[in-house]
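Notes follow the structure.
In my numbering, the protein residues as written are 867 to 1472.
Here you go:
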């Protein structure tokens, strides 16, 4: 019998579980000649065929074990143990076969053509966790072997959390291994895997570099933000993550987030923006720095949301961002406050002014302060608010030597003049022409202002540079009412708060609520641009880089849910104010988004 015939008969006995002793005894010399040396000419071929039969046809491994342990097959057994049979067995997932192979001490270091070890395949199969345990107990030196991509078994275990946990917690595992693409296990997880929340729960608690960057200079957190993985991002709260990292392309976590928000708002898919607003709230909770630039113009996130008219996100950032500085300018010198002025929403403006970092030393190009600007707009709501916060602004002067009272007099704004007179204003301040406020009141023939200024001891005899006093000007008018108001003023009182409430009520009743935002803008436009020596506010000199956002209701819900964890429909509508806000028109959400954020704060969202 030649070798080929012997091999066929022996494999037939193995496949059909027949007695092999007879054929082995009859061919003892042939076996010695063929397998007697370690590198016998037939050994490699025999092992290759035997492995194929074991994988595909054998159920009785005891017979194979019996044959391989015969003295005649000593060299075959040695080769068999160093073959890729265990790798193939783990690929097949045959538990019985794998256990038998481990029992006969096959080589655990063997790799297949892709560089994969048996452990790398086993970690993907929950039925083969015993293989992981075997490696960790008997051969820890092999657990950090790399495949052709430079990846260890730890990388391959990402889809099996139990295997991942076993490997990750073993002291011999290299947790910070870098693959051929320059990724550590964390980067590899977030870049190339779906359903990553379970493996991330394990990875974020390891001693790995959470701030490692890939070949594109992206961190793991940047990838999560870009993909909209808000639940996964929450796992990084309280970890040592650099949220303010700026890569070689001048990108940050926030710039990536805002790029996605802006690109999605143009699409007809409101649900798509939800996850990114959730990320926004997470970044706020993680104390991300909202003062950095997010585009080539140096705009901050707050400026972006103001331009987008996303009032809910604006109010959320203003209330909860600890590091926020509302006074930082962009590269063009424009601040968030200036963008809010252009927007024209009084509630937003007030919220920014009330922020602890607001810089009240703000002046425009004519050295007009905030109080002067609002005076010229006849916005006595904001004038009243600013006087209460910073009364010293009332007597500052611009380059024309005007204080706020002079400006109000030039415009004929009687109510604002009265407000100033009740707040220790310098009634005798004169502009560069030498005119005081009473002079302009007489010039405009405004009896109310004349009376109030004269009663407040504004000098009726002060002469300007042309030698004309308010009294001289009144005499020239030959108007007895003006002269009488000047010479015999009486005390007048007004209720500023009631006037403000009435003005707001009249405005809302006389305007379509669906166009409320645009009406607010119209009422804010300046009325003095053609008047000589009157300020011309520079807000018209710049344009918004971003267009208005659409999906305000989705944003409002995302922000609310981020802090109110119980999101069942019943618990969501416990608060009647919130219920009303989220079910009214978009214009109402614009107007009352601050109320929504205040509700969140009351529920424990600080």
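For every residue, glycine included, the Cβ atom is placed at its ideal position computed from N, Cα and C.
With distance defined between alpha-carbon atoms, name the residue in the options nearest to residue i.
{"i": "residue 1311", "options": "1288, 1322, 1336", "result": "1336"}
{"i": "residue 1174", "options": "1197, 1130, 1190", "result": "1130"}
{"i": "residue 1234", "options": "1206, 1271, 1303", "result": "1271"}
{"i": "residue 1110", "options": "1122, 1100, 1101", "result": "1122"}
{"i": "residue 1212", "options": "1191, 1229, 1250, 992", "result": "1250"}
{"i": "residue 1106", "options": "1097, 1120, 1095, 1087", "result": "1087"}
{"i": "residue 898", "options": "872, 884, 883", "result": "872"}
{"i": "residue 1043", "options": "1037, 1325, 1018, 1063", "result": "1018"}
{"i": "residue 1079", "options": "1115, 1063, 1068", "result": "1115"}
{"i": "residue 892", "options": "1358, 1256, 1159, 876", "result": "876"}
{"i": "residue 931", "options": "1361, 965, 954, 904", "result": "965"}
{"i": "residue 853", "options": "1317, 1095, 1143, 1160", "result": "Nothing about residue 853 can be reported from this structure: the residues present for the chain run from 867 to 1472 only."}
{"i": "residue 1362", "options": "1307, 1280, 1186, 1292", "result": "1280"}
{"i": "residue 1100", "options": "1064, 1145, 1128", "result": "1145"}
{"i": "residue 1154", "options": "1188, 1163, 1316", "result": "1188"}
{"i": "residue 1321", "options": "1224, 1356, 1307", "result": "1356"}
{"i": "residue 1241", "options": "1275, 1231, 1214", "result": "1275"}
{"i": "residue 1039", "options": "1076, 1064, 1001", "result": "1001"}
{"i": "residue 1231", "options": "1290, 1200, 1295", "result": "1200"}
{"i": "residue 979", "options": "1162, 1292, 950, 968", "result": "950"}
Within its chain, find whatever has a CB closer than 8 Å to the CB of residue i; leave out the 5 residues flanking it on each side and keep chain order.
{"i": "residue 1347", "result": "1313"}
{"i": "residue 999", "result": "1032"}
{"i": "residue 1221", "result": "1184, 1190, 1192"}
{"i": "residue 992", "result": "1026, 1028, 1029"}
Is it the case that the Cβ atoms of residue i and residue j are separated by a distance below 8 Å?
{"i": "residue 1059", "j": "residue 1024", "result": "yes"}
{"i": "residue 1166", "j": "residue 1157", "result": "yes"}
{"i": "residue 972", "j": "residue 943", "result": "no"}
{"i": "residue 1339", "j": "residue 1319", "result": "no"}
{"i": "residue 1286", "j": "residue 1252", "result": "no"}
{"i": "residue 1098", "j": "residue 1066", "result": "yes"}
{"i": "residue 1282", "j": "residue 1247", "result": "no"}
{"i": "residue 961", "j": "residue 994", "result": "yes"}
{"i": "residue 1350", "j": "residue 1328", "result": "no"}
{"i": "residue 941", "j": "residue 906", "result": "yes"}
{"i": "residue 1074", "j": "residue 1041", "result": "yes"}
{"i": "residue 1256", "j": "residue 1229", "result": "no"}
{"i": "residue 1169", "j": "residue 1126", "result": "no"}
Answer with buried or exposed for residue i, where buried requires no fewer than 16 other C-beta atoms within 10 angstroms of its C-beta.
{"i": "residue 1265", "result": "exposed"}
{"i": "residue 1396", "result": "Confidence is the limiting factor: at residue 1396 the pLDDT is only 29, short of 50, which leaves the residue's position unreliable, though a coordinate-based value still follows. It counts as exposed."}
{"i": "residue 922", "result": "exposed"}
{"i": "residue 986", "result": "buried"}
{"i": "residue 1353", "result": "exposed"}
{"i": "residue 1108", "result": "exposed"}
{"i": "residue 911", "result": "exposed"}
{"i": "residue 1405", "result": "Note that residue 1405 scores a pLDDT of 38, beneath 50, so its modelled location is shaky and nothing firm can be said."}
{"i": "residue 926", "result": "exposed"}
{"i": "residue 874", "result": "exposed"}
{"i": "residue 880", "result": "buried"}
{"i": "residue 1484", "result": "Nothing about residue 1484 can be read from this structure; the chain reaches only from 867 to 1472."}
{"i": "residue 935", "result": "exposed"}
{"i": "residue 1375", "result": "Bear in mind that the predicted position of residue 1375 carries a pLDDT of just 43, short of 50, making it unreliable; the figure below should be weighed with that in mind. With fewer than 16 Cβ atoms within 10 Å of its Cβ, residue 1375 is classed as exposed."}
{"i": "residue 1208", "result": "buried"}
{"i": "residue 1003", "result": "exposed"}
{"i": "residue 1326", "result": "buried"}
{"i": "residue 1324", "result": "buried"}
{"i": "residue 1254", "result": "exposed"}
Excluding five sequence neighbours on each side, which residues of the same chain lie with their C-beta closer than 7 Å to the C-beta of residue i?
{"i": "residue 851", "result": "The requested residue 851 does not occur in the structure, where the chain is confined to residues 867 to 1472."}
{"i": "residue 869", "result": "896, 900, 908"}
{"i": "residue 1297", "result": "1266, 1267, 1268, 1272"}
{"i": "residue 1299", "result": "1330, 1331"}
{"i": "residue 1151", "result": "1103"}
{"i": "residue 988", "result": "956, 994, 997, 998"}
{"i": "residue 948", "result": "973, 976"}
{"i": "residue 1056", "result": "1062, 1086, 1089, 1090"}
{"i": "residue 1390", "result": "Since pLDDT at residue 1390 reaches only 26, below the 50 mark, its modelled position is unreliable, and no value is offered."}
{"i": "residue 1069", "result": "1051, 1052, 1055"}
Beta-carbon within less than 6 Å of residue i's beta-carbon, same chain only, minus the 5 sequence neighbours each way: which residues are those?
{"i": "residue 1171", "result": "1179, 1180"}
{"i": "residue 981", "result": "1013, 1014"}
{"i": "residue 1278", "result": "1310, 1312"}
{"i": "residue 1113", "result": "1083"}
{"i": "residue 983", "result": "977, 1011"}
{"i": "residue 904", "result": "941"}
Do the segment 910–917 and the segment 887–894 make contact, defined as three or more Cβ pairs closer than 8 Å?
Flag = no, the segment 910–917 and the segment 887–894 do not touch.
Would you call the segment 1042–1050 and the segment 1089–1096 touching, i.e. three or more CB-CB distances under 8 Å?
No, because fewer than three Cβ pairs between the segment 1042–1050 and the segment 1089–1096 fall closer than 8 Å, the two stretches do not touch.
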